[in-house]
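Numbers 46 to 254, taken from our numbering, label the letters of the sequence shown in order.
Idealized CB from N, CA, C, for every residue including glycine.
Source: prediction; values computed, not measured.
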Amino acid sequence: MIRDDVTGDAEPVMPLETQYDEYAAYLQRRSKLGKWYRKHWLYPRLSTCLKGGLLDIGCGIGDMLAYRPGSVGVDVNPHNVTYCRERGLDAKVMDPDQLPFAEASFDSVLLDNVLEHIEQPSNLLAEIARVLRPGGHLLIGVPGHRGQASDPDHKQFYDEAALLRLASQSGFRIIQFLYSPLWRSNCLSQRLRQYCIYSLWLPVSDVSH
């Protein structure tokens with residue numbers, strides 16, 4: 046139960062299935078402007094950091110999968126996965142503790158606006174390291190401090206220092222920070238980093254060779 050801050054009364058927690066259903070519906074009705082931004086501005090720039098076979102973790106309704114044919118997506122929300130499959134996309138329901146893929150299956154992994162929803166990301170990051178091929182990249186996007194309050198389900202806040210600590214603890218090294226995500230001017234970069242921070246990760250074993 047969740048307690049109301051004003052009345053002190055306990056409020057019922059929405060069943061997980063209902064949460065999944067409502068979030069899937071929200072993703073499907075997002076604005077045309079947002080879809081245009083992702084397809085024509087965001088995804089082309091993210092793709093400059095992604096190579097080869099891509100795994101999109103938290104793929105939502107599959108917009109990145111549609112942009113990059115041949116990619117594979119996983120999501121905890123079965124409604125999202127069903128919608129992806131109806132679009133002819135390759136998507137699977139994910140278990141955060143065990144990705145349903147063999148070792149060294151992908152050249153790139155995308156974790157975009159997912160990490161902040163996970164209280165203990167160590168298992169997932171270990172699984173990502175397992176399924177990445179040697180020389181593979183992990184690209185992570187998290188909200189900046191202005192974007193953090195946009196979703197009540199955000200459990201963690203990550204700035205650059207927190208991301209560096211997490212990478213070090215998880216056997217990765219961050220080789221580049223990107224701000225939403227291409228940064229042609231310092232002024233624009235400083236503004237964009239308040240809303241979204243992208244970081245490019247490599248397993249430490251690859252960096253050391």
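Between the beta-carbon of residue i and the beta-carbon of residue j, is there less than 7 Å?
i: Ile106; j: Tyr128; result: yes
i: Ile185; j: Leu144; result: no
i: Val154; j: Ile242; result: no
i: Asp152; j: Lys96; result: yes
What distance in whole Å lies between the Cβ atoms of residue j and residue i, which are believed to be in contact at a cut-off of 8 Å?
i: Tyr112; j: Lys137; result: Between Lys137 and Tyr112 the Cβ distance is about 19 Å, and since that is not below 8 Å, they are no contact.
i: Leu247; j: Ile220; result: 6 Å
i: Asp135; j: Leu110; result: 7 Å
Using a 10 Å radius around the Cβ and a threshold of 16 neighbouring Cβ atoms, would you call residue i buried or exposed?
i: Arg48; result: With a pLDDT of 43 at Arg48, under the threshold of 50, the modelled position of that residue is not reliable, and no figure is offered here.
i: Val117; result: buried
i: Ser250; result: exposed
i: Asp108; result: buried
i: Glu164; result: exposed
What is the rounded straight-line gap between the Cα of residue i and the Cα of residue j?
i: Thr93; j: Tyr203; result: 23 Å
i: Asp157; j: Ile102; result: 8 Å
i: Gly216; j: Gly133; result: 35 Å
i: Cys232; j: Tyr224; result: Residue confidence for Cys232 is low, a pLDDT of 48 falling below 50, so the modelled location carries little weight; the figure read from the coordinates is stated next. So the alpha carbons of these two residues sit roughly 11 Å apart.
i: Ser167; j: Arg218; result: 14 Å
i: Phe274; j: Ala206; result: One cannot answer for residue 274 here, as it falls past the ends of the chain, which runs 46 to 254.
i: Trp228; j: Leu91; result: The pLDDT assigned to Trp228 is 46, lower than 50, so where the model puts this residue is not dependable, and the model offers no usable value.
i: Leu245; j: Glu131; result: 31 Å
i: Cys104; j: His182; result: 17 Å
i: Gln201; j: Leu209; result: 14 Å
i: Trp86; j: Phe222; result: 18 Å
i: Pro114; j: Gln214; result: 33 Å
i: Leu211; j: His124; result: 30 Å
i: Arg175; j: Asp120; result: 18 Å
i: Tyr173; j: Gly180; result: The sequence as given places Ile at residue 173; Tyr does not occur at that position. Distance between the alpha carbons of Ile173 and Gly180 is about 13 Å.
i: Met139; j: Gly79; result: 26 Å
i: His162; j: Ala149; result: 26 Å
i: Val126; j: Tyr88; result: 20 Å
So if DSSP puts residue i in a beta bridge, which residue, or which two residues, is it bridged to?
i: Lys80; result: DSSP output for Lys80 lists no bridge partner at all.
i: Phe217; result: Pro248
i: Tyr88; result: According to DSSP, which records beta bridges pairwise, Tyr88 is partnered with nothing at all.
i: His182; result: Ser153
i: Tyr112; result: Note: Tyr112 sits in no beta bridge, so no partner.
i: Gln338; result: This structure cannot settle anything about residue 338, because the visible part of the chain is limited to 46 through 254.
i: Val119; result: Ile102, Lys137
i: Cys241; result: Pro188
i: Phe222; result: Ser244
i: Leu209; result: DSSP lists no partner for Leu209.
i: Leu177; result: Phe151
Would you say the beta carbon of residue i is closer than 6 Å to some non-hydrogen atom of the ligand GDP?
i: Gly216; result: In the structure shown, the ligand GDP is absent, as is every other ligand, since no ligand is present at all.
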